[in-house]
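Peer 1: If you're matching them up, the sequences are chains A and B in order. Heads up: the first sequence is residues 1 to 471, going by the UniProt record's numbering. Heads up: the second sequence is residues 1 to 278, going by the UniProt record's numbering.
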Amino acid sequence: MAVKPFPKKTPMREQEAKERIKNFFEVPFGYSEEEAVLEAGRCLQCPAKPCVSGCPVGIDIPGFIRKIRERNFAEAAKILKLYNNLPAICGRVCPQETQCEEKCVVGRIPGSEPVAIGRLERFAADWEAEHSVQTQIEIAPAKHKKVAVVGSGPAGLTVAADLAKRGYEVHIFETLHKPGGVLVYGIPEFRLPKSIVEREVNYVKSLSVQIFLNMPVGRAIPVKDLLREYDAIFIGVGAGTPKFMGIEGTNLNGVYSANEFLTRVNLMKAYLFPEYDTPVRRGKKVIVVGGGNVAMDAARSALRLGAESVTVVYRRTEQEMPARREEYLHAVEEGIKFYWLTQPIRYVGNEKGEVVGAECISMRLGEPDESGRRRPIPIEDSRFILEADTVIEAIGTEANRFLLSQFDGLKLNKYGYIIADENTCATSMRKVFAGGDIVTGAATVIEAMGAGKRAAEWIDKFLSGEYDPWK
Amino acid sequence: MNLIREKRKLAPGVYEFWIENNHIVKYAQPGQFVVMRLHEKAERIPITIAGKKGDCFRAVVRAVGKSTYELCMVKEGDSIMDIAGPLGRPSEIDFYGNVMLVGGGVGIATLLPIAEALKAQNNRLYVVLGGRSKEYVIMLEEFSKLADQMIVTTDDGSFGIKGVVTDGMQMFFEREKIDIVWAVGPTIMMKFCSMKAKEHGVKIWVSLNPIMVDGTGMCGACRVTVDGKIKFACVDGPEFEGELVDWDELLKRLAQYRDEEERSLKLFMERVGDLSWL
Ligand SMILES: Cc1cc2nc3c(=O)[nH]c(=O)nc-3n(C[C@H](O)[C@H](O)[C@H](O)COP(=O)(O)OP(=O)(O)OC[C@H]3O[C@@H](n4cnc5c(N)ncnc54)[C@H](O)[C@@H]3O)c2cc1C
Ligand SMILES: Cc1cc2nc3c(=O)[nH]c(=O)nc-3n(C[C@H](O)[C@H](O)[C@H](O)COP(=O)(O)OP(=O)(O)OC[C@H]3O[C@@H](n4cnc5c(N)ncnc54)[C@H](O)[C@@H]3O)c2cc1C
Ligand code: SF4
Ligand code: SF4
Ligand code: FES
Ligand SMILES: [Mg+2]
Numbered sequence: 001m002a003v004k005p006f007p008k009k010t011p012m013r014e015q016e017a018k019e020r021i022k023n024f025f026e027v028p029f030g031y032s033e034e035e036a037v038l039e040a041g042r043c044l045q046c047p048a049k050p051c052v053s054g055c056p057v058g059i060d061i062p063g064f065i066r067k068i069r070e071r072n073f074a075e076a077a078k079i080l081k082l083y084n085n086l087p088a089i090c091g092r093v094c095p096q097e098t099q100c101e102e103k104c105v106v107g108r109i110p111g112s113e114p115v116a117i118g119r120l121e122r123f124a125a126d127w128e129a130e131h132s133v134q135t136q137i138e139i140a141p142a143k144h145k146k147v148a149v150v151g152s153g154p155a156g157l158t159v160a161a162d163l164a165k166r167g168y169e170v171h172i173f174e175t176l177h178k179p180g181g182v183l184v185y186g187i188p189e190f191r192l193p194k195s196i197v198e199r200e201v202n203y204v205k206s207l208s209v210q211i212f213l214n215m216p217v218g219r220a221i222p223v224k225d226l227l228r229e230y231d232a233i234f235i236g237v238g239a240g241t242p243k244f245m246g247i248e249g250t251n252l253n254g255v256y257s258a259n260e261f262l263t264r265v266n267l268m269k270a271y272l273f274p275e276y277d278t279p280v281r282r283g284k285k286v287i288v289v290g291g292g293n294v295a296m297d298a299a300r301s302a303l304r305l306g307a308e309s310v311t312v313v314y315r316r317t318e319q320e321m322p323a324r325r326e327e328y329l330h331a332v333e334e335g336i337k338f339y340w341l342t343q344p345i346r347y348v349g350n351e352k353g354e355v356v357g358a359e360c361i362s363m364r365l366g367e368p369d370e371s372g373r374r375r376p377i378p379i380e381d382s383r384f385i386l387e388a389d390t391v392i393e394a395i396g397t398e399a400n401r402f403l404l405s406q407f408d409g410l411k412l413n414k415y416g417y418i419i420a421d422e423n424t425c426a427t428s429m430r431k432v433f434a435g436g437d438i439v440t441g442a443a444t445v446i447e448a449m450g451a452g453k454r455a456a457e458w459i460d461k462f463l464s465g466e467y468d469p470w471k
Numbered sequence: 001m002n003l004i005r006e007k008r009k010l011a012p013g014v015y016e017f018w019i020e021n022n023h024i025v026k027y028a029q030p031g032q033f034v035v036m037r038l039h040e041k042a043e044r045i046p047i048t049i050a051g052k053k054g055d056c057f058r059a060v061v062r063a064v065g066k067s068t069y070e071l072c073m074v075k076e077g078d079s080i081m082d083i084a085g086p087l088g089r090p091s092e093i094d095f096y097g098n099v100m101l102v103g104g105g106v107g108i109a110t111l112l113p114i115a116e117a118l119k120a121q122n123n124r125l126y127v128v129l130g131g132r133s134k135e136y137v138i139m140l141e142e143f144s145k146l147a148d149q150m151i152v153t154t155d156d157g158s159f160g161i162k163g164v165v166t167d168g169m170q171m172f173f174e175r176e177k178i179d180i181v182w183a184v185g186p187t188i189m190m191k192f193c194s195m196k197a198k199e200h201g202v203k204i205w206v207s208l209n210p211i212m213v214d215g216t217g218m219c220g221a222c223r224v225t226v227d228g229k230i231k232f233a234c235v236d237g238p239e240f241e242g243e244l245v246d247w248d249e250l251l252k253r254l255a256q257y258r259d260e261e262e263r264s265l266k267l268f269m270e271r272v273g274d275l276s277w278l
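#1: Compare the C-alpha of Phe338/A against each of Tyr314/A, Ala358/A and Glu359/A and name the closest.
#2: Report buried or exposed for Lys9/B, applying the criterion of at least 16 other Cβ atoms within 10 angstroms of its Cβ.
#3: Using only alpha-carbon positions, find the residue among Ser301/A, Ile418/A, Pro7/A and Ile235/A that is nearest to Gly111/A.
#4: Is there contact between the segment 239-252 of chain B and the segment 183-197 of chain B, where contact requires at least three CB pairs shorter than 8 angstroms?
#5: For ligand 2, is there any heavy atom lying closer than 7 angstroms to the beta carbon of Phe33/B?
#6: Considering only residues of the same chain and omitting the five flanking positions on each side of Leu213/A, which have a CB-CB separation below 6 angstroms?
#7: What did DSSP end up calling His200/B once you bin it into helix, strand or coil?
#8: Anyone know if the C-beta pair for Gly240/A and Val391/A falls short of 8 angstroms?
#9: Label Leu267/B either buried or exposed according to how many other C-beta atoms from any shown protein chain fall within 10 Å of its C-beta, with 16 as the threshold for buried.
#10: For Ala322/A versus Gly372/A, is the C-beta distance shorter than 8 angstroms?
#11: Which residue wins for smallest C-alpha separation from Leu163/A, given the options Val209/A, Gly151/A and Thr311/A?
#12: For a contact meaning CB atoms closer than 7 angstroms, what does Tyr257/B contact in chain A?
#13: Leaving out the 5 sequence neighbours to the left and right, which residues in its chain are closer than 6 angstroms to Ile161/B when beta-carbon positions are compared?
#14: Which residues, taken in chain order from the segment 196-225 of chain A, show a beta carbon closer than 8 angstroms to some beta carbon of chain B?
#15: Given a cut-off of 8 angstroms on the beta-carbon distance, is the pair Trp18/B and Arg37/B in contact?
#16: What I want to know is whether the C-beta of Val106/A ends up closer than 7 angstroms to one or more non-hydrogen atoms of ligand 3.
#17: Does the segment 426-433 of chain A come into contact with the segment 318-335 of chain A, if we say contact requires no fewer than three beta-carbon pairs (one atom in each stretch) closer than 8 angstroms?
#18: Have a look at Cys104/A and Leu251/B and give me their C-alpha separation to the nearest angstrom.
#19: Return the bridge partner residues of Pro344/A from the DSSP annotation.
#20: Starting from the Cα of Gly131/B, find the closest Cα among Leu112/B, Asp248/B, Gly157/B and Asp94/B and give me that residue.
#21: Sort Leu82/A, Leu157/A and Asp126/A by Cα distance to Gly436/A and report the nearest one.
#22: Would a check of beta-carbon distances place Lys191/B closer than 8 angstroms to chain A?
#23: Identify, in the order they occur along the chain, each residue of the same chain with its Cβ nearer than 7 angstroms to the Cβ of Val93/A, setting aside the five sequence neighbours on each side.
#24: What residues in its chain sit with their C-beta under 7 angstroms from that of Ala299/A, if we drop five residues either side in the sequence?
#25: Just reading off the alpha helix (DSSP H) that Val332/A is part of, what are its end residues?
#26: Please classify Pro40/B as buried or exposed, where buried requires at least 16 other C-beta atoms within 10 Å of its C-beta.
#27: Say yes only if the C-beta of Ser194/B is nearer than 7 angstroms to one or more non-hydrogen atoms of ligand 6, and no if none qualify.
#28: Comparing C-alpha positions only, which one of Phe173/B, Phe33/B, Glu141/B and Asn2/B sits nearest to Lys75/B?
#29: How would you label Met1/A, buried or exposed, when you count the other beta carbons within 10 angstroms and need 16 or more for buried?
#30: Just confirm the distance between the C-beta atoms of Ala426/A and Pro368/A, as a whole number of angstroms; I'd bet it's less than 8 angstroms.
#31: Using a C-beta cutoff of 8 angstroms, does Arg264/A count as contacting chain B?
#32: Check Lys8/A in the structure and name its three-state DSSP category.
#33: Enumerate in chain order the residues of its own chain whose CB-to-CB distance from Gly238/A is below 7 angstroms, with the five nearest sequence positions on each side excluded.
#34: What does the alpha-carbon distance come out to for the pair Gly228/B and Asn251/A?
#35: Any C-beta of chain A sitting closer than 8 angstroms to the C-beta of Gly273/B?
#36: Where does His23/B fall in DSSP's three states?
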């Protein structure tokens with residue numbers, strides 16, 4: 001290679017920690033044109049495109065990066081949209097370090113960081129929106145077949161957009177009053193502004209996808225009606241039900257699931273109470289239980305609501321925590337404290353039924369469990385009390401039973417998730433496909449989109465009579 | 001969609017609405033509810049489906065705070081921004097024999113579709129309705145048509161018997177062999193009804209009203225302890241067996257946003273002025 005790329009990613013400017021903890025504005029600012037072109041210059045345009053294999057929707061990564069380098073930003077955005085209906089979202093929330101960027105050859109050079117693919121994707125998508133460039137997407141002639149999509153999360157939006165482009169009539173049914181799934185109710189404004197979600201959802205709608213909101217499928221439309229009225233159905237209802245540890249004091253006031261806390265803050269905009277009607281407790285001493293991205297989001301939101309201290313309690317150590325490194329570091333910068341190897345065993349309440357603390361126990365790591373991570377084991381006589389007026393449990397979610405219980409004949413696995421073919425997304429029921437978190441359990445935006453993309457391809461094959469997964 | 005076709009005052013601060021919504025009308029069953037959002041900045045509030053007629057469903061609302069005051073001020077011809085439903089598990093309608101139905105406050109409206117469905121199954125209905133005073137006992141006419149026997153109680157004795165609904169329950173228990181009870185009303189009322197039913201060894205269904213957000217099992221705000229286990233009222237309920245409910249916990253949970261609710265209502269009143277006419 002003639003020129004050796006700069007070893008490090010072009011840095012992205014962001015709000016200072018001491019400023020940003022007082023607001024819900026987005027933390028990183030995004031690249032300027034100059035910065036984007038500079039970063040695009042680090043890409044080696046590898047003919048084998050190893051990075052593409054790391055992207056679940058198979059974006060032509062060197063292709064769009066080359067267009068950025070050539071300052072043809074509109075064309076870069078157009079390439080993105082050929083593969084990805086939600087590029088501004090993915091550019092922000094994809095765990096790139098374990099996806100596309102992990103496979104980037106530049107990152108393999110000792111001392112070098114991979115090309116900042118996610119940041120460039122974000123740049124191109126934002127550039128297109130800011131310059132009101134309308135990417136012309138070709139829509140195939142109408143096929144006169146109807147597909148129902150249940151759930152408007154990333155899986156549902158993707159399958160809908162891709163089928164619409166292929167000429168199908170697509171109806172999305174969403175139970176909430178806003179489309180987007182976790183993108184609108186879970187991921188906070190400061191990581192993913194809701195205006196960006198709205199923009200990308202509007203793009204999906206512009207492909208003639210119809211979205212029906214406030215429609216709890218299974219209740220507002222019986223499953224048998226869906227099966228009768230549509231030629232195929234895609235279920236993308238996510239893994240929306242929060243788990244609780246179920247320890248003493250779980251129902252004290254001030255103990256939240258991360259889903260409730262984040263839904264109040266994000267979807268209902270409780271951070272703007274009383275201008276917005278939904279309240280949320282603005283705790284002074286907040287404990288967040290868990291070590292994943294959801295825990296980081298809850299902790300950083302609590303801080304922005306005015307907490308004096310936010311402490312994350314995690315039963316393993318920093319090495320095992322599943323949160324993205326970037327989000328963890330942001331949390332540390334913002335002053336969030338971490339108690340490793342610690343687990344609450346009881347919440348303590350006062351006479352009004354409000355939480356005032358968490359009794360915790362220290363852990364040590366034993367042998368690896370089935371997930372390959374070392375199993376935490378409680379240490380006897382290590383109990384101590386952490387004061388708290390708010391506790392947020394972010395220990396994971398499970399399948400929401402309210403729709404699935406109405407789908408007679410739909411096969412579920414032992415965790416309650418839908419069994420669907422990894423490739424075709426076909427379920428045990430004829431005409432019914434499924435993908436996203438409701439099949440895999442809580443995963444990522446881009447994996448849900450990958451499933452949506454595959455499902456669209458196979459639904460098309462099924463409806464055009466090319467292939468029948470049930471034969 | 002969601003157009004308010006009719007609005008009527010039933011009692012001070014209590015309004016009946018007939019709201020257009022095909023899906024809800026088509027699929028609603030007794031015991032189910034909707035979640036409404038009045039406008040872009042509004043919260044999501046659960047309201048029971050208290051009847052259907054043509055392409056409208058009925059909502060009966062009591063103004064208790066910012067959102068319900070605002071809702072009671074919405075006029076005929078206006079629309080509600082979002083209504084999701086029907087939600088919740090329907091009541092277990094069947095033939096039981098002698099059924100006692102106990103309603104208090106706006107809970108009386110919730111009870112009506114349940115009563116109609118039970119009547120259609122040929123149950124004998126023993127109805128107890130209660131309120132602070134005569135004007136608060138709503139839907140008397142509808143219930144007197146359905147009930148085989150009916151007792152009304154008022155706190156001040158301005159109508160029916162001076163007393164509370166459990167007094168009415170006691171009278172029926174003494175007169176008849178009751179096979180099952182439904183009680184819908186304020187939480188504290190349902191707690192005492194459950195104790196009364198237990199005293200007589202009769203199963204009782206109550207319709208719980210914890211604070212909800214999504215109403216679809218996604219947030220866990222509505223969790224209640226039933227038989228020692230955590231249940232989500234929006235998907236596992238709202239009806240539960242009263243004897244198994246941890247009432248004191250529910251009462252405390254209902255008070256968790258008291259300060260914010262007061263502040264919100266005060267600001268609203270400052271903006272819209274006197275609301276005593278409601
Ligand atoms: C707080 C939080 C932060 C996260 N951060 C990241 C991140 O940074 N990066 C990342 O890649 N991933 C992240 N994730 C994970 C990611 O959001 C999910 O993996 C992804 O959203 C799954 O998409 P989905 O389409 O399967 O389901 P969802 O996004 O869950 O959407 C499902 C939709 O279906 C609707 N629905 C459910 N039941 C019904 C019904 N019966 N009728 C109609 N509609 C129904 C729901 O209301 C919802 O809108 C995060 C998750 C959370 C909770
Ligand atoms: C399944 C169900 C069915 C209901 N049906 C009816 C009905 O048919 N008619 C009717 O008038 N009321 C009904 N309610 C109660 C109604 O939802 C509350 O009165 C309303 O949400 C209060 O809102 P607010 O802003 O006016 O009052 P606020 O001042 O905010 O609250 C007053 C009290 O209402 C309760 N409350 C507050 N927010 C909520 C919430 N989001 N969800 C539930 N309760 C809340 C709390 O106990 C609070 O102290 C029902 C509740 C449930 C759970
Ligand atoms: S969509 Fe995600 S995985 Fe694919 S290229 Fe973009 S950032 Fe990488
Ligand atoms: S692997 Fe890295 S350097 Fe090579 S084409 Fe992909 S992004 Fe560019
Ligand atoms: S209201 Fe959110 S789970 Fe019941
Ligand atoms: Mg309120």
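C-beta atoms are modelled at their ideal positions from N, C-alpha and C, and glycine is treated no differently.
Peer 2: In terms of the structure at hand:
#1: Tyr314/A
#2: exposed
#3: Pro7/A
#4: yes
#5: yes
#6: Glu174 and His177
#7: coil
#8: no
#9: exposed
#10: A small fix is needed here, since residue 322/A is Pro in this sequence, not Ala. Not closer than 8 angstroms, so no.
#11: Val209/A
#12: Pro279
#13: Thr153
#14: Leu213, Asn214, Met215, Pro216, Arg219, Ala220, Ile221 and Pro222
#15: no
#16: no
#17: no
#18: 57 angstroms
#19: Cys360/A
#20: Gly157/B
#21: Leu157/A
#22: no
#23: Ile187, Arg191, Leu192 and Val445
#24: Val288, Val310, Val312, Ala331 and Ile336
#25: Arg325 to Glu333
#26: A small fix is needed here, since residue 40/B is Glu in this sequence, not Pro. Per the 10 Å Cβ criterion, exposed.
#27: no
#28: Asn2/B
#29: Any reading at Met1/A is ruled out, since the residue's pLDDT is 44, under 50, leaving its predicted position unreliable.
#30: About 34 angstroms separates the two Cβ atoms, so there is no contact after all.
#31: yes
#32: coil
#33: Gly151, Gly153, Gly181, Val182, Gly436, Asp437 and Ile438
#34: 11 angstroms
#35: no
#36: helix
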